[in-house]
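In terms of the numbering used here, the sequence shown opens at residue 11 and continues consecutively. C-beta atoms are modelled at their ideal positions from N, C-alpha and C, and glycine is treated no differently. Everything on this sheet refers to the single structure shown next.
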Amino acid sequence: MGFPVSDDKAPRSRKAPRFVIDREVPEVTVTTVHHLNCGTFKPLGVQMVTHVLLCETADDGLVLVDTGIGMSDAADPSTLGAAANLLSPDLTTGSSAYCQIRALGLDPADVTNIVATHLDYDHISGASDFPHAMVHLTEVELTAALGAPQPRYRRAHIDALTGGRFKAYAGTCDALLGFSGAYPLAGLDGLWLVPLQGHSAGHAAVAVRIGNRWILHAGDAFFHHSAIGPSAPTHASGRRRTSLLEKLLAADRSRIGTNHRRLSELAASHEHDVQVLCSHDRYLFDQSTTESAP
């Protein structure tokens, strides 16, 4: 069963905000968000990052939103398979989340939870560097990854999760930020999985509340910032090439446009202070800075 992105047929009022939270928001524990590039690729001559969020919390240790490429795969990119190496990876062990956490003066052993937008190799490879962390993801994505072999999933990455250190979400969702489906994460106040199918069968965005602001990490629901807002003319070439790549890699191309429209509406909304970002856009990564709750 699909996860609706928004209630398209719901009546709209000019006085009512387009984006509302229809549930009581719990006390937020995310105190600081760091933006990490955990793997650079250069497909079709376009430099693409692997945008990972590192969330410091008041009570739950460190939480990663995606992991990027782990140390082992960065040291030997051939382990990622032929499909990955066609994307011209430019990887170092120092770009792994593990090494960047240490460089920040934090302890990688404090990573207690990982929230996965999906299980493509470039989003979950680094989970093996945090063997005691609980991985949160949609049940649809886990089921797809455990099914018939697909180039996007690496068996070693999936096997590392299926020893019991994951929590898969399905069933009733809450409404959040204009999306009719969102799963509050167990034990992690201030973080939600927001199903956005299309790139993969169980792909999801991750909403993070920090103070009075929101960050929506949309994963691979879009590849280029122009998909959800204006773009400078200098980005035109990259836009065309990343749009082609987005279509080639999508499990369901019919959902791409719908996801772009919903995210565009959210990014343009003035009802909430929301930063919408994605996994691979270099411009959005460069615009992101570490922020702390007031």
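Inter-residue CB distance, residue i and residue j (contact presumed, cutoff 8 Å)
i	j	result
residue 50	residue 120	That belief does not hold up - the Cβ atoms of residue 50 and residue 120 are roughly 26 Å apart, past 8 Å.
residue 229	residue 274	Rounded, the Cβ-Cβ distance is 16 Å, inconsistent with contact.
residue 41	residue 76	Contact flag wrong, Cβ pair sits at about 20 Å.
residue 219	residue 283	With a Cβ gap of about 10 Å, residue 219 and residue 283 do not count as contacting.
residue 147	residue 176	7 Å
residue 248	residue 303	The pair is not a contact, with the Cβ atoms about 34 Å apart (cut-off 8 Å).
residue 72	residue 63	Wrong, their Cβ atoms sit about 11 Å apart, outside the cutoff.
residue 53	residue 98	6 Å
residue 251	residue 56	5 Å
residue 295	residue 61	5 Å
residue 238	residue 277	5 Å
residue 80	residue 136	4 Å
residue 234	residue 253	6 Å
residue 143	residue 123	6 Å
residue 149	residue 180	4 Å
residue 226	residue 286	5 Å
residue 269	residue 206	5 Å
Coil, strand or helix - residue i by DSSP
i	result
residue 302	strand
residue 32	Residue placement at residue 32 is flagged as unreliable, the pLDDT there being 43, under the threshold of 50; a coordinate-derived value is accordingly withheld.
residue 228	coil
residue 215	strand
residue 50	strand
residue 79	coil
residue 297	helix
residue 96	coil
residue 205	strand
residue 111	helix
residue 102	coil
residue 252	helix
residue 42	strand
Extent of the continuous beta strand (DSSP E) run through residue i
i	result
residue 61	61–67
residue 285	284–287
Continuous alpha helix (DSSP H) stretch holding residue i: start and end
i	result
residue 273	266–278
Residue i, buried or exposed, once every other Cβ within 10 Å from all chains shown has been counted against 16
i	result
residue 130	buried
residue 95	exposed
residue 165	exposed
residue 88	exposed
residue 92	exposed
residue 106	buried
residue 139	buried
residue 10	Only positions 11 to 304 of the chain appear in the structure, and residue 10 is not among them; the question remains open.
residue 194	buried
residue 161	exposed
residue 300	exposed
residue 44	buried
residue 39	buried
residue 32	In this prediction, residue 32 scores a pLDDT of 43, lower than 50, which makes its location untrustworthy; no coordinate-derived value is stated.
residue 370	It is not possible to answer for residue 370, since the shown part of the chain is limited to 11 through 304.
residue 264	exposed
residue 217	buried
residue 297	exposed
residue 208	buried
residue 192	buried
residue 84	buried
residue 196	exposed
residue 112	exposed
residue 46	buried
residue 262	exposed
residue 117	exposed
Check: residue i C-beta below 7 Å from any heavy atom of the ligand NAP
i	result
residue 47	Absent from the structure shown: the ligand NAP. Ligands present: none.
Write down every uninterrupted run of the beta strand (DSSP E) in the region 116–149 whose length is 3 residues or greater and which is fully enclosed by it, in chain order.
121–125 and 144–148, all fully within the region 116–149.
Segments of 4+ residues assigned as alpha helix (DSSP H) that fall wholly inside the region 160–200
Runs of the alpha helix (DSSP H) inside the region 160–200: 165–171.
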